[in-house]
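Heads up, the thing below is written out as structure tokens.
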Amino acid sequence: MYYAPKTFLCPYYVNTPMYNPVNMYAVHKIYQCPCYATIPMVSSPIKLKDYGPNPFVVDIEEATKQNSNFRIALWTGTHLQLTLMSINVGEDIGLEIHPNLDQFIRIEEGQGLVLMGDRQDRLDFRAYVQDDYAFIIPAGKWHNLINTGNRPLKLYSIYAPPQHPYGTVHETKEDAEENHGL
Numbered sequence: 003m004y005y006a007p008k009t010f011l012c013p014y015y016v017n018t019p020m021y022n023p024v025n026m027y028a029v030h031k032i033y034q035c036p037c038y039a040t041i042p043m044v045s046s047p048i049k050l051k052d053y054g055p056n057p058f059v060v061d062i063e064e065a066t067k068q069n070s071n072f073r074i075a076l077w078t079g080t081h082l083q084l085t086l087m088s089i090n091v092g093e094d095i096g097l098e099i100h101p102n103l104d105q106f107i108r109i110e111e112g113q114g115l116v117l118m119g120d121r122q123d124r125l126d127f128r129a130y131v132q133d134d135y136a137f138i139i140p141a142g143k144w145h146n147l148i149n150t151g152n153r154p155l156k157l158y159s160i161y162a163p164p165q166h167p168y169g170t171v172h173e174t175k176e177d178a179e180e181n182h183g184l
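Under our numbering, think of the first position of the sequence shown as 3, with each following residue one higher.
See below:
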């Protein structure tokens, strides 16, 4: 009812009067915000590397979509780790279990099938996921994620505590399997 999107050019000052008799015919010059409104918020590609344990801010959706590695650690701290993954069409993460850590996964692009269970040969939890879906894998659960779409499955994963060494980069699934001795 009271939405007025263009009442004031600077969004950081509210309820500023619009009428100024001196500038009434030069609306574009009235109340220009000196600094904040002119800062462009444009996302540019970031260098994909491990930024931990320093403070870090990132457009996680853009970084995830930019990634073409099977797995790369983007931030590793003492108690938490953020990794990006890109799973090719028809591939999967691989059946695995993390006995002592919980894992959060969010899909940014693509679609897949999540499988989880208490036993390696009995994955009785099944769910289809796609863009903007998230799921949590509790410690001690066998799990896998299979790309069922026709484009790479782009996701980010948060481990608590960290699962991979600082600076981990696996360009392909085969690199990851070699590194883990599978």
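The C-beta atom is built at its ideal place from N, Cα and C for all residues, glycine as well.
Practice problem: Leaving aside the five residues before and after N102 along the sequence, list all residues of the same chain whose C-beta is less than 7 Å from its C-beta, in chain order. | Solution: Along the sequence shown, read from residue 1 onward, the residue named residue 102 stands at position 100. A141.
To the nearest whole angstrom, what separates the beta carbons of E110 and T66, a pair I think is in contact under 8 Å? As a working note, residue 110 is residue 108 in the sequence shown. As a working note, residue 66 is residue 64 in the sequence shown. Contact between E110 and T66 holds, with the beta-carbon distance rounding to 4 Å and staying under 8 Å.
### Query
Excluding the five sequence neighbours on either side, which residues of its own chain have a C-beta within less than 8 Å of the C-beta of L115, listed in chain order?
Position 113 of the sequence shown, counting from 1, holds the residue named residue 115. Once the five neighbours on either side are set aside, the close Cβ partners of L115 are R128, A129, Y130, V131, L147, I148, T150.
In the DSSP assignment, find the unbroken beta strand (DSSP E) run with Q83 in it and report its ends.
-> Within the sequence shown, residue 83 is the residue found at index 81, counting from 1. Its beta strand (DSSP E) spans residues 83-89.
*So which of I62, G96, T80, N56 has the shortest CA-CA distance to A178?*
Taking the sequence shown and counting its residues from 1, the one referred to as residue 178 is at position 176. Minimum Cα distance to A178 is reached at G96.
In whole angstroms, what separates the C-alpha of F106 from that of I48?
-> Translated into positions along the sequence shown, residue 106 becomes position 104. Translated into positions along the sequence shown, residue 48 becomes position 46. Rounded to whole angstroms, the gap between the alpha carbons of F106 and I48 is 23 Å.
Check your understanding: Applying the criterion that 16 or more other CB atoms from any shown protein chain within 10 Å of the CB defines a buried residue, is P164 buried or exposed?
Key -> Position 162 of the sequence shown, counted from the first residue, corresponds to residue 164. With at least 16 other beta carbons inside 10 angstroms of its own, P164 counts as buried.
- Query: Apart from the five residues just before and just after I139, which ones in its own chain have a Cβ nearer than 6 Å to its Cβ?
  - Reply: By one-based count along the sequence shown, residue 139 stands at place 137. Excluding positions up to five away in sequence, the list reads Q105, H145.
With distance defined between alpha-carbon atoms, name the residue in L50, G112, Q122 nearest to R153. Working through the sequence shown from its first residue, we reach residue 153 at position 151. Closest option to R153, Cα to Cα, is G112.
Exercise for review: Indicate whether T85 and P55 have their beta-carbon atoms separated by less than 8 Å.
Suggested key: Counting from one through the sequence shown, the residue named residue 85 turns up at place 83. Counting from one through the sequence shown, the residue named residue 55 turns up at place 53. In this structure, P55 does not lie closer than 8 Å to T85 by Cβ.
Smallest Cα separation from N90: which of N181, S70, R108? Residue mapping note: residue 90 aligns to position 88 of the sequence shown, counting from 1. Ranking N181, S70, R108 by Cα distance to N90 puts S70 first.
Self-check item: Length of the line joining the Cα atoms of S88 and H166
Solution: Working through the sequence shown from its first residue, we reach residue 88 at position 86. Working through the sequence shown from its first residue, we reach residue 166 at position 164. The straight-line gap from Cα to Cα measures roughly 16 Å.
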